[in-house]
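What follows is one structure encoded as structure tokens, with my remarks underneath.
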Amino acid sequence: MLTSTNSSSPQVSQFILMGLPGIHNWQHWLALPLALLYLLALGANLLIMITIQHEPTLHEPMYHFLGILATVDIGLATTVMPKILAIFWFDSKAISLPECFAQIYAIHCFFGMESGIFVCMAVDRYVAIRHPLRYPSTVTEAFVVKVTGFMVLRSALLTIPVPVLAARRHYCSRNEIEHCLCSNLGVISLACDDITVNKFYQLVLAWILLGSDMALVFSSYALILCSVLRLNSAEAMSKALNTCSSHLILILFFYSGIIVLSVTHLAEKKVLLIPVLLNVLHNVIPPALNPMVYALRMQELRLGFQRLLSLGE
1 MLTSTNSSSP QVSQFILMGL PGIHNWQHWL ALPLALLYLL ALGANLLIMI
51 TIQHEPTLHE PMYHFLGILA TVDIGLATTV MPKILAIFWF DSKAISLPEC
101 FAQIYAIHCF FGMESGIFVC MAVDRYVAIR HPLRYPSTVT EAFVVKVTGF
151 MVLRSALLTI PVPVLAARRH YCSRNEIEHC LCSNLGVISL ACDDITVNKF
201 YQLVLAWILL GSDMALVFSS YALILCSVLR LNSAEAMSKA LNTCSSHLIL
251 ILFFYSGIIV LSVTHLAEKK VLLIPVLLNV LHNVIPPALN PMVYALRMQE
301 LRLGFQRLLS LGE
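Residue 33 in full-length UniProt numbering sits at position 33 of the sequence shown, and the numbers go up by one each step.
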């Protein structure tokens, strides 16, 4: 559909999300595993949130951050999965421009929030291990509220220009996006006018949010590792490493996924399916994986699950 604008060319009124490039004819077979992953992500993260809320022993900063991460994971998965499943099952490919720009904003915002929460969790473990005596007075509930609020506000404000700049472009002819979701670069590549500013801000945002967060996270864990290796007690060393390893597994998976996405995007014109598929999976696998890693590696959380489930029997 086209609508008239002040420009000499008409403006499209909707985009068409084509799905996974190259496999349109049988992409619906992927709907079931993706739906199961989505349900797993919803169920597991809700279970973590309820368990942390219900168990007084889990009312500690580390678990509060975990509950916030679970909330962000639900938001991230829900931003994209219903539309993807609608495309695969019902061939519902059309999406209006405002809906598309809103999805672009939500995806960037939740990714920024997740990255910010990982920074908070790294700082929490840094203080707990490097300065254990100061931990109770430093990492308080007020501290958790302040740093979480800052990370949410930072992500919410810094990502606003991404959809705003995309909306200012003129889309006059092509409206088919070779993707299952509204990725910023995929959308602005359809614009008829110059997108240099859009690409520049996307790069700046990546460096400001993800680049700085990665530097802080890995610096924190490098310092933590140095402290752990200086511990005289093997038991204390094992406990510290076990607590941090679950965080580090998820952090490595999250950031390595983003790096792989960035690298494969450079070869997008040659192998379009790979970056698109990785982008879809990166929106649903981490939310499904995070609760399982914590449930397997954190004894206090496992005990909380058991007590909560025993109440329902």
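Glycine residues also receive a C-beta, built at the ideal position from the N, C-alpha and C atoms. Note that the structure is predicted; figures quoted are calculated from it, not measured.
Cβ of residue 220 within 9 Å of Cβ of residue 122? In contact: residue 220 and residue 122 (Cβ atoms closer than 9 Å).
Can you list the alpha helix (DSSP H) stretches of 4 or more residues lying completely in the segment 44-126, in chain order? Taking only runs of at least 4 residues, the alpha helix (DSSP H) segments lying wholly in the segment 44-126 are 61-90.
Going by Cα to Cα distance, which pick from 58, 33 and 142 is closest to residue 307? For residue 307, the nearest C-alpha among the options comes from 58.
Pick helix, strand or coil for residue 223, following the three-state DSSP scheme. If DSSP states are grouped into helix, strand and coil, residue 223 belongs with the helices.
Compute the Euclidean distance between the alpha carbons of residue 6 and residue 23, then round it to the nearest angstrom. Residue placement at residue 6 is poorly supported in this model, since its pLDDT is 48, which falls under 50; the coordinates still yield a value, given next. Taking C-alpha positions only, residue 6 is separated from residue 23 by approximately 38 Å.
From what residue to what residue does the alpha helix (DSSP H) around residue 17 run? Boundaries for residue 17: no alpha helix (DSSP H) harbours it, while the beta strand (DSSP E) harbouring it runs 14-17, taken from the DSSP string.
I'd like to confirm the pairing. Which residues does DSSP put opposite residue 177 in its beta bridges? Looking at the DSSP assignment, residue 177 forms a beta bridge with 17.
Close beta carbons around residue 282, own chain, < 8 Å, minus the five adjacent residues each side: Around residue 282: 257, 258 and 261.
Pick from 304, 297, 288 and 11 that is closest to residue 73, judged by C-alpha positions: Taking the Cα of residue 73 as reference, the smallest distance to any Cα among 304, 297, 288 and 11 is reached at 288.
Beta carbon of residue 276 nearer than 9 Å to that of residue 180: For residue 276 and residue 180, yes; Cβs fall inside 9 Å.
Could you give the DSSP three-state label for residue 128: helix, strand or coil? Residue 128 falls in the helix class under three-state DSSP.
Of all the options 139, 185 and 13, which has the alpha carbon lying nearest to the alpha carbon of residue 107? Taking each of 139, 185 and 13 in turn and checking the Cα distance to residue 107, the smallest one comes out for 185.
Taking C-beta to C-beta, are residue 183 and residue 111 nearer than 9 Å? No, these two residues do not count as a Cβ contact at 9 Å.
Go through its chain and collect everything with a Cβ distance to residue 147's Cβ below 8 Å, but skip five positions before and after it. Excluding residues up to 5 positions away in sequence, 120 and 123 lie with their Cβ nearer than 8 Å to the Cβ of residue 147 in the same chain.
Is residue 140 helix, strand or coil by DSSP? DSSP places residue 140 outside both helix and strand once states are collapsed to three, so it counts as coil.
How about residue 25 and residue 291: do their beta carbons lie closer than 9 Å? Remark: C-beta atoms of residue 25 and residue 291 do not approach each other more closely than 9 Å.
Simplified DSSP assignment, three categories, for residue 211: DSSP places residue 211 within a helical segment (H, G or I) once states are collapsed to three.
In whole angstroms, give me the CA-to-CA distance for residue 32 and residue 278. Straight through space, the alpha carbons of residue 278 and residue 32 are spaced by roughly 17 Å.
Counting contacts by CB-CB distance shorter than 9 Å, is residue 293 in contact with chain B? Absent from the structure is chain B; it holds one protein chain and no more.
Cβ shell of residue 134 (< 8 Å), same chain only, five flanking positions each side left out: Contacts found: 127.
Between the C-alpha atoms of residue 4 and residue 10, what's the straight-line distance to the nearest angstrom? Caution applies to residue 4, whose pLDDT of 47 falls short of 50 and renders its modelled position unreliable; the model cannot decide the point.
Report all residues from its chain with a CB closer than 6 Å to the CB of residue 247; omit the five preceding and five following residues, and keep chain order. Cβ contact annotation for residue 247 (same chain, cutoff 6 Å, sequence separation greater than five): 121, in chain order.
Check residue 184 in the structure and name its three-state DSSP category. In the three-state DSSP reduction, residue 184 falls in the helix class (H, G or I).
Pop quiz: residue 18 and residue 176 are said to be a contact at Cβ under 8 Å. What is the actual Cβ separation, rounded to whole angstroms? Cβ-Cβ separation between residue 18 and residue 176: approximately 6 Å, consistent with a contact (criterion under 8 Å).
7 Å CB neighbourhood of residue 38 in its chain, flanking five on each side removed: Correct list, in chain order: 77, 81 and 284.
DSSP state of residue 292 mapped onto helix, strand, coil: In the three-state DSSP reduction, residue 292 falls in the helix class (H, G or I).
Using DSSP with H/G/I as helix, E/B as strand and the rest coil, what is residue 191? In the structure shown, residue 191 sits in coil (DSSP, three-state: anything other than H, G, I, E or B).
Assigned exposure category for residue 198 - 16 Cβ within 10 Å defines buried: Label assigned to residue 198: buried.
My output table needs one value for residue 159: the three-state DSSP class, helix, strand or coil. It is coil, neither helix nor strand.
Residue 213: buried (16+ other C-beta within 10 angstroms of its C-beta) or exposed? Classification of residue 213: buried, given that the 10 Å Cβ count is 16 or more.
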